[in-house]
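A quick write-up on the structure given underneath.
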Amino acid sequence: MSATKTIQSALISVYYKDGLDEILFKLHEQGVSFLSTGGTQQFIEGLGLPCQPVEELTGYPSILGGRVKTLHPKVFGGILARRGLAGDVKQCQEYQIPEIDLVIVDLYPFEETVASGASSEDTIEKIDIGGISLIRAAAKNFQDVVIVASKDQYAPLLNILNEHGAETTLEDRKWFAKEAFGVSSRYDSDIFNWFDQGEGSAFRYAGNNEKSLRYGENPHQSGAFFGKFDETFEQLQGKEISYNNLLDIDAAVSLIQDFDEITFGIIKHNNACGLASRPTLLEAWKDALAGDPVSAFGGVFVTNTVVDQVTAEEINKLFFEVIIAPDYDVEALKTLSQKKNRIILIQKEAVCSKKQFRSVLNGVLVQDKDLKTETSEDLNPVTTVEPDAAQIEDLLFANKLVKHSKSNAIVLAKNKQLCASGVGQTSRVDALKQAIEKAHAFNLDLNGAVMASDAFFPFPDCVEIADKAGIKAVVHPGGSINDQKSIDYCNGHGLAMVTTGFRHFKH
């Protein structure tokens, strides 16, 4: 059996017709006959090309409101028949089943329908039956049949038609089959997840839009990203975004989403090393940088407001990998674009994923994303001294930061500026000592500052160390059997403490 096959007949039934006309004309030039249904048939005939209606082949009209059109042995037999198997050929002759060599089909827009907020009835009608069956049948019989299961494969098919006419190789057909099963698996996953309604009865995720990366976390590791990056961001310039860039970008936009005031953040290895909220962006940038001007080198910058020219001039003095903002003034963009490898991103929409998952132990861990952002109503005073209004603002500011820091994490803040943090430590005491040492190294005054912890204090040692460093207010989840010991220390030394009831571990 020859690996090269000639396309002589094509079944075409598509929802999206953009770009299809050029393919149809090329196929017609090669003498390929067309078989189609409904709107696609009208489209083909509207181009002045002959097309046989499926109803003429099957002897049945489209029935049940269009739910049944192509589900018939004369259609599926023509696709599934093995050309090199005498029994299949004989049966096709006996039942007058014509061979179908090419299937071009796409699926009802189920994902888009769900995203639009459509009713259950409308959503169910967008569960494709005939299309998904045609895809699987044609892909299964890739030895003889070409399957184009998405408009994304129009260009590869057109390249083949331009270079080789209606001839395809086994390698061509196998590639199209692989892509087709990718389409069908993603489609079925979307349907399952809609029915599952977040219950998590099984883990089903299928990502399209694969983006190959130069490498993974390290040069000896391969890496890829699956997702719709371009729907969330517009890359104005810069080099190819790396695996580590993507991790930092995710950390940056997750953090900045928790802030309403004008805020500037500096991210390094997924943690904030600088952050400040201020009346102007320039002030926010200067105070964010002051938190750790050393770590800021080569970092990822993020803000929640338009970058102006004055701020851009200051930012441009430092080397950094990525900057993310909702927009840039024209002159600011000119300044920031001076370094051609610098990645400049516009964030077009919020990152709204509600689930997180990661591979562990030959399996997958799945959890709800930590979307809890405490407000003043969540702060429960537990000490004799209660925080004043300014301290409450700082406590909420610090608590947002600690939520987005690697555990064990301690954040020290003052006047809505990150003074220092200790992150990723095996001991909460070590995290606090790291933060204090860092603040002192950059001459940041901790007198009157606040402390946030991502988890409770098992012993009073942390509040004692913080007190001696000048900390005057503390926020933590609470919940330790030794909470009272920390409260007693605060009461004996004039510190204010509030608990939230919400732990923010991040590993």
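Numbering (the working numbering) for the sequence shown: 2 to 508.
Using N, Cα and C, we set each Cβ at its ideal position, and we do this for glycine too.
When the beta-carbon positions are compared, D261 and L283 stay at least 9 Å from each other. Within 10 angstroms of the beta-carbon of T5 lie fewer than 16 other beta-carbons, which makes it exposed. For D293, the number of other beta carbons within 10 angstroms of its own is at least 16, and it is reported as buried. In the displayed model, R215 falls within coil according to three-state DSSP, outside both helix and strand. In the DSSP annotation of this structure, C274 is not part of any alpha helix (DSSP H); the continuous beta strand (DSSP E) holding it starts and ends at 272-278. Ranked by how close their Cα comes to the Cα of F398, the residues A453, A351, L445 have A453 in first place.
Counting only runs that start and end inside the segment 188-246, the alpha helix (DSSP H) elements of at least 4 residues fall at 230-233. For D288, the enclosing alpha helix (DSSP H) has its first and last residue at 282-291.
The C-beta distance from L413 to V499 rounds to 16 Å, too long to fall under 8 Å, and the pair is not in contact.
By the 16-neighbour rule on beta-carbons within 10 angstroms, Q392 is buried. Per the coordinates, the alpha-carbon of S202 lies some 49 Å from the alpha-carbon of K287.
If you check the CB distance, G183 and A156 do not come in under 9 Å. R359 has L366 as its beta-bridge partners, per DSSP. In the three-state DSSP reduction, I250 falls in the helix class (H, G or I).
Nearest neighbour of L496 by Cα position, chosen from G502, I488, F503, turns out to be I488. Within the segment 394-461, the runs of alpha helix (DSSP H) that reach at least 4 residues and sit entirely inside it are, in chain order, 429-442.
Counting C-beta atoms within 10 angstroms of its own C-beta, A467 has 16 or more neighbours from the protein chains shown and is therefore classed as buried.
Taking C-alpha positions only, Q435 is separated from N305 by approximately 29 Å. Following the DSSP letters along the chain, one finds S487 inside the alpha helix (DSSP H) bounded by residues 484-494.
Apart from the 5 residues on each side of it in sequence, R279 sits with its Cβ closer than 7 Å to the Cβ of I263, A285, D288 in its chain, given in chain order. According to the DSSP assignment, H29 belongs to the alpha helix (DSSP H) that extends over 21-30.
The Cβ-Cβ distance between I345 and L247 does not fall below 9 Å. Residue pairing of G266 in beta bridges, as defined by DSSP: L276, V303. Under the DSSP assignment, S134 falls in the alpha helix (DSSP H) whose first and last residues are 131-141.
E168 is bridged by DSSP to T7. Contact between H405 and S255 holds: their C-beta atoms lie close to 6 Å from each other, under 8 Å. Boundaries around A333 are those of the alpha helix (DSSP H), 331-337, since no beta strand (DSSP E) includes it.
If you check the CB distance, K473 and G493 do not come in under 9 Å.
Remark: C-beta atoms of F177 and L162 do not approach each other more closely than 9 Å. Around the C-beta of Y61, fewer than 16 other C-beta atoms lie within 10 Å, and the residue is accordingly described as exposed. Contact annotation: L214 and Y244 have beta-carbon atoms nearer than 9 Å. Fewer than three pairs of CB atoms, one per stretch, sit closer than 8 Å, so the segment 352-365 makes no contact with the segment 325-341. When secondary structure is reduced to three states using DSSP, N317 falls in the coil class, being assigned neither helix nor strand.
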